[in-house]
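J.:
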Amino acid sequence: MKSLRVSVTDRCNLRCIYCLPHGSGDFTRASETLSFDDIVRVVRVACRLGIDNVRLTGGEPLVRRGIPELVARLKRETAVREVAMTTNGVLLERHVHALADAGLDRLTVSVDSLHADRFRAITCLGSVDDVWRGVHLAAEAGLRPLKINVLVLRGINDDEVDAWLELTRQHDLVVRLLELMPVGEGASTELAQRYVDLTQVRHRLTREYGLVPLDGVPGNGPARYWRVPGAPGVVGFITPMSDGYCDTCSRFRLTATGDLRPCLAFDTSVPLGDRIRAGDEAGIEAGFLRAAALKPRGHAWRDGEVTQIRMSRIGG
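Just so you know, we're using the numbering used here here: the sequence shown kicks off at 4 and counts up by one.
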């Protein structure tokens with residue numbers, strides 16, 4: 004156990020075609036969502052079991068009020084080494100300084116297109132200009148290395164891969180290209196046809212740009228990193244379908260209601276909500292150990308298996 008992703012809400016202010024394309028009427032009620040006290044409690048227990056990295060996710064974490072306060076409490080009241088966040092960036096400009104002041108260590112922003120019209124087509128809401136303003140402010144606030152996640156979709160934004168690589172030649176950014184996974188809406192027949200094999204893309208980019216493999220990118224998680232010689236930035240590839248990384252996975256996911264999931268590829272989870280709210284730290288610890296025992300050695304996505312739960316409920 005090394006990393007815990009905590010979904011602080013399943014609500015989102017975008018309606019991305021691969022996650023919440025038609026909206027949702029079944030968001031979790033506030034009374035069922037873990038409180039900040041609950042989250043601090045479970046992270047404190049997780050740290051005793053070896054977790055040293057916590058990533059706050061959603062839905063969209065910045066739609067929940069008081070997130071900088073939660074960051075500060077995690078840094079102050081637990082033994083966690085790093086607190087990171089993944090956001091769509093739409094509200095980042097408004098909150099970035101408070102997050103930096105609270106002690107946020109790292110930030111990942113999801114930006115699926117460099118073009119305003121495509122960004123809008125993918126997300127259905129929001130402005131890519133708002134996102135980039137937040138990204139620039141985050142860099143100025145010292146939240147580095149700053150990571151940009153790009154889900155590559157055939158016929159939608161796959162022709163932008165070279166432009167993203169060019170961005171790493173101009174700026175000190177970590178651009179991570181992600182493969183579509185068969186999770187929630189991503190398992191639909193229509194979207195499955197949008198899958199792009201990024202291992203093949205990496206081979207092409209290596210031939211054309213001379214990519215050099217790297218080690219030691221902070222908080223690298225499942226990505227494998229490469230750099231164009233002489234470039235200030237790096238490019239990462241997250242390839243769960245074409246070149247998996249299950250053998251090195253040490254991540255667990257806590258949903259906004261307190262279900263602990265050992266693997267994104269399976270619907271198996273350990274319900275911890277009641278134990279967390281009751282302050283039963285022994286029960287929470289036992290739940291983590293149970294989840295660790297349930298963690299599979301690999302996934303069956305390539306064999307046609309899918310994960311039914313909506314991505315916004317488990318934070319990616």
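Cβ coordinates follow ideal geometry from the N, Cα and C atoms, glycine included.
Enumerate in chain order the residues of its own chain whose CB-to-CB distance from P232 is below 8 Å, with the five nearest sequence positions on each side excluded.
T.: As a working note, residue 232 is residue 229 in the sequence shown. Closer than 8 Å at the Cβ level, and outside the excluded window around P232, lie G213 and V215.
J.: Along the chain, where does the alpha helix (DSSP H) that runs through Y212 open and close?
T.: To locate residue 212, count along the sequence shown from 1; it is residue 209. From DSSP, the alpha helix (DSSP H) with Y212 extends over L201 to Y212.
J.: Report yes if the C-beta distance between I125 and I20 is below 9 Å; otherwise report no.
T.: Taking the sequence shown and counting its residues from 1, one reaches residue 125 at position 122. Taking the sequence shown and counting its residues from 1, one reaches residue 20 at position 17. In contact: I125 and I20 (Cβ atoms closer than 9 Å).
J.: On a Cα-Cα basis, can you pick out the residue from T31, A101, I70 and V9 that is closest to R58?
T.: The residue given as residue 58 occupies position 55 in the sequence shown. Checking every option, the nearest Cα to that of R58 belongs to V9.
J.: Can you grab the Cα-Cα spacing for the pair R18 / C252, in whole Å?
T.: Taking the sequence shown and counting its residues from 1, the one referred to as residue 18 is at position 15. Taking the sequence shown and counting its residues from 1, the one referred to as residue 252 is at position 249. Approximately 29 Å between the Cα atoms of the pair.
J.: Below 9 Å between beta carbons: does that hold for L95 and I42?
T.: Here residue 95 is taken as the residue at index 92 of the sequence shown, counted from 1. Here residue 42 is taken as the residue at index 39 of the sequence shown, counted from 1. Cβ atoms of L95 and I42: not closer than 9 Å.
J.: With a threshold of 9 Å between beta carbons, is L7 in contact with chain C?
T.: Reference to chain C is not applicable here, since this structure consists of a single protein chain.
J.: If you drop the 5 nearest sequence neighbours on each side, which residues of the same chain put their C-beta closer than 7 Å to that of T242?
T.: Stepping through the sequence shown from its first residue, residue 242 is reached at position 239. Excluding residues within five positions, the ones whose Cβ falls inside 7 Å are E182, L201 and T202.
J.: Relative to the alpha-carbon of E143, which residue among D175, Q196, A289 and S6 has its alpha-carbon at the smallest distance?
T.: In the sequence shown, residue 143 corresponds to position 140, counting from 1. Of the candidates D175, Q196, A289 and S6, the one whose C-alpha sits nearest the C-alpha of E143 is D175.
J.: Per DSSP, D262 is paired with what?
T.: The residue given as residue 262 occupies position 259 in the sequence shown. Paired residue(s): P274.
J.: Does K5 pass the burial test, meaning 16 or more other C-beta atoms within 10 Å, or should it be called exposed?
T.: For the purposes of this step, residue 5 is taken as residue 2 along the sequence shown, with counting starting at 1. When all chains shown are included, K5 counts as exposed.
J.: For the beta strand (DSSP E) holding E85, just list the boundary residues, first then last.
T.: As a working mapping, residue 85 is identified with position 82 in the sequence shown. It spans E85 to T90 - the beta strand (DSSP E) in which E85 sits, taken as one unbroken run.
J.: On the DSSP letters alone, give me the boundaries of the alpha helix (DSSP H) that R58 sits inside.
T.: The residue labelled residue 58 in the question sits at position 55 within the sequence shown. Where R58 is concerned, there is no enclosing alpha helix (DSSP H), although the beta strand (DSSP E) it sits in stretches over N56 to T60.
J.: When you compare the segment 158–166 with the segment 127–135, are there three or more beta-carbon pairs, one atom per stretch, that lie closer than 8 Å?
T.: No, because fewer than three Cβ pairs between the segment 158–166 and the segment 127–135 fall closer than 8 Å, the two stretches do not touch.
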